[in-house]
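Trainee: 675 is the number of the first residue of the sequence shown in my numbering; add one for each residue after it.
The beta-carbon is built from N, C-alpha and C at its ideal position, and this holds for glycine as well.
These numbers were taken from a predicted model, which means no experiment stands behind them.
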Amino acid sequence: MGSRTLIICTVIIGAMCLLPMVAVAIAAALGSFDTLSHLIDTVLLRYTLTTLALMVLVAIFTAIIGTGTAWLVTMTRFPGVRFFEISLALPFAFPAYVMGYAYTDFLDHPGAVQTFLRDVTGWGPRDYWFPEIRSVEGAALMLTLVLYPYVYLLARTAFLQESATATLAARSLGRGPWGAFWTVSLPMARPAIAGGVLLAVMETIADFGTVSYFGIQTFATGIYTSWFSLADRGGAAQLALCLLTFALFIAILERMQRGASKHHNAGKRIERVPPTQLTGWAKVGAMAACGAPVFFGFILPLVLLFEMSFASEQDLFSSRYIGFITNSIILAGVASVVTVLAAMLVAFNLRLNPGRLSLSAAHVSRIGYAVPGGVIAVGLLVPFAALDNGIDGLMRDWFGISTGLLFTGTITVLVMAYMVRFMAAALNTVEAGLSTIHPTTDAVARTLGRSPMTMLWSVHFPILRPTVFTAMLIVFVDVMKELPATLIMRPFNFDTLAVQAYRLASDERLSGAAVPSLVIVAVGLLPVILLCKALARRPGRQSSRPTAV
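(1) Which of the three DSSP states is assigned to Thr-1115 in this structure?
(2) Indicate the three-state DSSP secondary structure (helix, strand or coil) for Lys-942 in the structure shown.
(3) Do you know whose CA, among Thr-1115, Thr-716, Leu-1024, Met-1163, lies nearest Arg-678's CA?
(4) What residue range does the alpha helix (DSSP H) around Ala-767 cover?
(5) When the Cα atoms are used, what is the spatial distance from His-938 to Val-717?
(6) Only counting the same chain, and skipping five residues up and downstream in sequence, which positions put a Cβ closer than 7 angstroms to that of Pro-1046?
(7) Could I get the ranges of all uninterrupted alpha helix (DSSP H) runs contained in the stretch 713–795, with 4 residues as the minimum, in chain order?
(8) Could you give the first and the last residue of the continuous alpha helix (DSSP H) run that contains Tyr-826?
(9) In whole angstroms, what is the alpha-carbon distance linking Ile-1162 and Tyr-898?
(10) Inspect the CB distances between the stretch 683–698 and the stretch 1090–1103 and report whether three or more fall short of 8 angstroms.
(11) Can you name the start and end residues of the alpha helix (DSSP H) that Asp-1071 belongs to?
(12) Quick one: what's got a C-beta closer than 6 angstroms to Gly-774's C-beta in the same chain, skipping five residues either side?
(13) Does the Cβ-Cβ distance between Ala-701 and Val-1056 come in under 7 angstroms?
(14) Would you give the residue range spanned by the alpha helix (DSSP H) that Ser-1125 belongs to?
(15) Which whole-angstrom value describes the C-beta separation of Thr-748 and Leu-860, a residue pair presumed to lie in contact below a C-beta threshold of 8 angstroms?
(16) Please report the distance separating the alpha-carbon of Met-690 from that of Arg-1030.
(17) Buried or exposed: which applies to Tyr-824, given that a residue is buried once 16 or more other Cβ atoms fall within 10 Å of its Cβ?
(18) Take Gly-1107 and list the residues in its own chain whose beta-carbon comes closer than 7 angstroms to its own, dropping the five residues that flank it on each side.
(19) Could you have a look at Gln-951 and say whether DSSP puts it in helix, strand or coil?
(20) Let me know if Tyr-802 comes out buried or exposed under the rule of 16 or more other beta-carbons within 10 Å of its beta-carbon.
(21) Using the Cα positions of Gly-941 and Asn-1102, report the straight-line distance between them to the nearest angstrom.
(22) Whose C-alpha, out of Leu-873, Gly-812, Gly-785, Pro-865, is nearest the C-alpha of Met-982?
(23) Thr-831 to Leu-746, Cα distance in whole Å?
(24) How many whole angstroms separate the CB atoms of Leu-821 and Val-732, which I take to be in contact at a CB cut-off of 8 angstroms?
(25) Considering only residues of the same chain and omitting the five flanking positions on each side of Leu-680, which have a CB-CB separation below 8 angstroms?
(26) Taking C-alpha atoms, which residue in Ala-1006, Ile-739, Val-1193 lies nearest to Leu-976?
(27) Per DSSP, what kind of secondary structure is Ile-1004 in: helix, strand or coil?
(28) Is it buried or exposed, Ser-1185, if we count other Cβ atoms within 10 angstroms and call 16 or more buried?
(29) Going by other Cβ atoms of all chains shown within 10 Å of its Cβ, with 16 needed for buried, is Asp-793 buried or exposed?
(30) Hey, Ala-1100 and Thr-1013 are a contact pair by Cβ (cut 8 angstroms); roughly how many whole angstroms apart?
(31) Who are the near neighbours of Ala-814 in its chain, counting only those whose CB is closer than 6 angstroms to its CB and skipping five residues on each side?
(32) Taking the alpha helix (DSSP H) that Ala-868 belongs to, which residues open and close that run?
(33) With distances taken Cα to Cα, identify the nearest neighbour of Leu-873 among Gly-796, Gln-912, Leu-827.
(34) Report buried or exposed for Asn-1063, applying the criterion of at least 16 other Cβ atoms within 10 angstroms of its Cβ.
(35) Would a C-beta distance cut-off of 7 angstroms place Pro-769 and Gly-971 closer than the cut-off?
(36) Would you decide whether Arg-1040 is buried or exposed? Buried here means 16 or more other CB atoms lie within 10 Å of its CB.
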C-alpha cells in the first residue's frame, strides 16, 4: 500500500466518522416543521433545562473532588497516600447507570437505609422526609462519582509536571501550602482541570442509562422515546441535532483548553515540588477527603452489588448468561480491533503525509468522542435504512424478490457506531505511542525499500505493541459499558450484559441487574489500574524531602 492509498483509506475513515452527524442534520432538516413546533411547545425547554442542570452540577462537583484529591495525593504526604493514588481512579470502572442501580436499591423507600431508619425511630412512611435518589440531584451525584476521575487524572498529571521553582518562590514569600496552591499550583493546572471537567460534561450529556432509569427527561431520553415509543423519526433526528449542537460546543471548548495547556511545559528535566508532610487534623482531613470518593464511588457500590447479586435468581453460568457474555465479548473484541486498526492507519498517515487533507481527516475522525451514542445510532440508522429500502425496492421491481434489511440491525453497522464513538480514544493513544518513535526510523526504513504498510507492520507495530494493546483495552471496556447505541442498534435477539442490566433494572429487578453489572465493572478495573500505574511512573524527581505542616 502506497502513500496515495493510505491517504484514501484515511479519508474514507474520516467520512465514516462524519456520516452520522451529516445524516442527523439532513434528517432533521427534512423532518416536518410541525414536529419541531410541537417539540418546542412541549418538551424542548424541559429537555434543555434538565440537561443544563445536570451539566452544571456535574461540572462543579467533579472539579472540586477531582482537583482537591489530585493535589492532596501529589503535593502532600499522609497515611495511605499510595493507596489513594490508584484507588481514587477506580470509580472510573463503574458505568453511571450501574452506580444508580446500586444506590437506588440502598436508598429507596424499601432499601436498607430507610428501613433501618423506620425500625430505629418507629416512624411511618409519612412521618419523615428523605432525599429522593431518583431526581436530577441524584443523577448528578451518580455521574459525579464515576466522572470525577477525568479531572483527577488530568489534574494529577499537571501537578506532577509542575516545576518546583514557582511554588518554592511562593513559599519563600510567606505563602503556606494552601496559599501556594491557590496562587501558583491551581492557575498553572487550570487548563488541564478545565479539560477534565469538559470531558465529564460531555459524558453527562451523552448519558442515557442513568437518566432513563431515574425517570429524568433529557435530550438523550427524548431521542430514544421519539424513535421507539412514538415512532417519530423526524422528531428523534431533530432532538439528536440539538444534542449534537450541545456536544460539539463542549468539544470546541475542550480543544481550546487542550491547546492552552500546551504552554505549561517544565522541560525535559522536571524537578518536582517537595511534598508537604501533613500532621494533626490536616492529616485526618486529607484522609477523609480522599477516602470519601473512594468509599462512596467504589467500595460501597461494589459491596451493594455483591449483596444484591446473592439475593438474585440470576445464574451467571447459565446458557442464557453465557450468551450475554459471549455477545458482549464478541462486540467489544471486534469493535476494539476495527477501531484500533483504523486509528493506526489515520495516525500513521498523518505521520507520513502531514498535509491539510490528512490533518482534516484526523480531526474529523476524533469528532465522535463528543457525540452521544444515541445520536450516532440515529445518524447511522437513517442512511442505512434508506439504503436497505432502496435495494429492496430495486430487487422487487427487477426480480420480484425482497432482500429485507441487509445492513440495518446488523453487527456490522453496530461495530461502525462503536468505531465512530470511540475512535478518539484509540487515536490519541496510538498517536502518543508514535510520537516516541524517532523520525529517523522512518527514513531508514524507506531507504531500505519498505513501503508505508510494510514499514508500519514490520517496524512500527513491534515497537507500538504495548500502546496498541492499551488502546484496544480502552476501547474494549468502553464498548462493554456503552448502552444507548447498543440498545437502539443491536440485532434482534442479540442482547449484551449492558442491555440485560438495563432491562432488569427497568423492571425494578435490581438484584438481578447486579449480576451483569458486576461483570461490566470487573472488566473495567484492569485498564483503570494500568492507567494509574503508568501515571505513577511518569518522570520527575523530588527536589527535597517532604516538609512538615
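Mentor: Walking through what the data contain:
(1) One-based indexing of the sequence shown puts residue 1115 at position 441. Three-state DSSP puts Thr-1115 in a helix.
(2) Taking the sequence shown and counting its residues from 1, the one referred to as residue 942 is at position 268. Only weak support exists for where Lys-942 lies, its pLDDT of 44 falling under 50; the value from the coordinates is given anyway. Here Lys-942 carries a coil assignment [DSSP, helix/strand/coil].
(3) Counted from its first residue, the sequence shown places residue 678 at position 4. Proximity to Arg-678 across Thr-1115, Thr-716, Leu-1024, Met-1163 peaks at Leu-1024, based on C-alpha coordinates.
(4) Taking the sequence shown and counting its residues from 1, one reaches residue 767 at position 93. Run containing Ala-767: none; DSSP gives neither H nor E here.
(5) Taking the sequence shown and counting its residues from 1, one reaches residue 938 at position 264. Taking the sequence shown and counting its residues from 1, one reaches residue 717 at position 43. At His-938 the pLDDT is 43, less than 50, meaning the model places this residue with poor confidence; the figure from the coordinates comes in the next sentence. So the two alpha carbons sit approximately 44 angstroms from each other.
(6) If you number the sequence shown from 1, residue 1046 lands on position 372. Once the five neighbours on either side are set aside, the close Cβ partners of Pro-1046 are Ile-879, Ala-880, Ala-894, Leu-917, Ala-921, Pro-1158.
(7) Uninterrupted alpha helix (DSSP H) stretches at least 4 residues long and entirely within the stretch 713–795 occur at 718–749, 755–761, 770–781, 786–795, given in chain order.
(8) Position 152 of the sequence shown holds residue 826. Unbroken alpha helix (DSSP H) run through Tyr-826: 810–834.
(9) As a working note, residue 1162 is residue 488 in the sequence shown. As a working note, residue 898 is residue 224 in the sequence shown. Taking C-alpha positions only, Ile-1162 is separated from Tyr-898 by approximately 8 angstroms.
(10) Output reads yes: the stretch 1090–1103 touches the stretch 683–698.
(11) The residue labelled residue 1071 in the question sits at position 397 within the sequence shown. Asp-1071 -> alpha helix (DSSP H) spans 1047–1073.
(12) Locating residue 774 in the sequence shown gives position 100, counting from the first residue. Only residues of its own chain outside the window of five on either side were considered, and among them Met-816, Thr-884, Tyr-887 have a CB closer than 6 angstroms to the CB of Gly-774, listed in chain order.
(13) Position 27 of the sequence shown, counted from the first residue, corresponds to residue 701. Position 382 of the sequence shown, counted from the first residue, corresponds to residue 1056. A distance below 7 angstroms separates the beta carbons of Ala-701 and Val-1056.
(14) Residue mapping note: residue 1125 aligns to position 451 of the sequence shown, counting from 1. Counting along the chain, Ser-1125 sits inside no alpha helix (DSSP H), nor does DSSP assign it H or E at all.
(15) Indexing the sequence shown from 1 puts residue 748 at position 74. Indexing the sequence shown from 1 puts residue 860 at position 186. At roughly 12 angstroms, the Cβ-Cβ gap does not stay under 8 angstroms, so Thr-748 and Leu-860 are not in contact.
(16) Counting from one through the sequence shown, the residue named residue 690 turns up at place 16. Counting from one through the sequence shown, the residue named residue 1030 turns up at place 356. For Met-690 and Arg-1030, the gap between their C-alpha atoms comes out near 18 angstroms.
(17) Numbered from its first residue, the sequence shown carries residue 824 at position 150. Its Cβ being crowded by 16 or more others within 10 Å, Tyr-824 is buried.
(18) Translated into positions along the sequence shown, residue 1107 becomes position 433. Counting only residues of its own chain and dropping the five nearest sequence neighbours on each side, Gly-1107 has a CB closer than 7 angstroms to the CB of Leu-1138, Thr-1141.
(19) Stepping through the sequence shown from its first residue, residue 951 is reached at position 277. If DSSP states are grouped into helix, strand and coil, Gln-951 belongs with the strands.
(20) For the purposes of this step, residue 802 is taken as residue 128 along the sequence shown, with counting starting at 1. If you draw a 10 Å sphere on the C-beta of Tyr-802, you find fewer than 16 other C-beta atoms in it, and that means exposed.
(21) As a first step, residue 941 must be located in the sequence shown, where it is residue number 267. As a first step, residue 1102 must be located in the sequence shown, where it is residue number 428. Caution applies to Gly-941, whose pLDDT of 44 falls short of 50 and renders its modelled position unreliable; the model cannot decide the point.
(22) The sequence position of residue 982 within the sequence shown is 308, counting from 1. Residue Gly-785 is the option with its Cα nearest to Met-982.
(23) For this step, residue 831 is matched to residue 157 along the sequence shown. For this step, residue 746 is matched to residue 72 along the sequence shown. Between the alpha carbons of Thr-831 and Leu-746 lies a gap of roughly 13 angstroms.
(24) Position 147 of the sequence shown, counting from 1, holds the residue named residue 821. Position 58 of the sequence shown, counting from 1, holds the residue named residue 732. Val-732 and Leu-821 do touch by the CB rule: their CB atoms are close to 6 angstroms apart, below 8 angstroms.
(25) Taking the first residue of the sequence shown as 1, we reach residue 680 at position 6. For Leu-680, where only same-chain residues beyond five positions count, the Cβ hits under 8 angstroms are Leu-1019, Phe-1022, Asn-1023, Leu-1026, Asn-1027, Pro-1126, Met-1127.
(26) Translated into positions along the sequence shown, residue 976 becomes position 302. Checking every option, the nearest Cα to that of Leu-976 belongs to Val-1193.
(27) Position 330 of the sequence shown, counted from the start, is the residue given in the question as residue 1004. Here Ile-1004 sits in helix by DSSP.
(28) One-based indexing of the sequence shown puts residue 1185 at position 511. Ser-1185 comes out buried.
(29) Numbered from its first residue, the sequence shown carries residue 793 at position 119. By the 16-neighbour rule on beta-carbons within 10 angstroms, Asp-793 is exposed.
(30) To locate residue 1100, count along the sequence shown from 1; it is residue 426. To locate residue 1013, count along the sequence shown from 1; it is residue 339. Correct: roughly 5 angstroms between the Cβ atoms.
(31) Within the sequence shown, the letter at position 140 stands for residue 814. Same-chain partners within the cutoff: Leu-728, Leu-731, Val-732.
(32) As a working mapping, residue 868 is identified with position 194 in the sequence shown. Its alpha helix (DSSP H) spans residues 860–880.
(33) To locate residue 873, count along the sequence shown from 1; it is residue 199. Comparing Cα-Cα distances from Leu-873 to each of Gly-796, Gln-912, Leu-827, the minimum goes to Leu-827.
(34) In the sequence shown, the residue the question calls residue 1063 occupies position 389. With fewer than 16 Cβ atoms within 10 Å of its Cβ, Asn-1063 is classed as exposed.
(35) Locating residue 769 in the sequence shown gives position 95, where the first residue counts as 1. Locating residue 971 in the sequence shown gives position 297, where the first residue counts as 1. Going by C-beta atoms, Pro-769 is not nearer than 7 angstroms to Gly-971.
(36) As a first step, residue 1040 must be located in the sequence shown, where it is residue number 366. So Arg-1040 ends up on the buried side.
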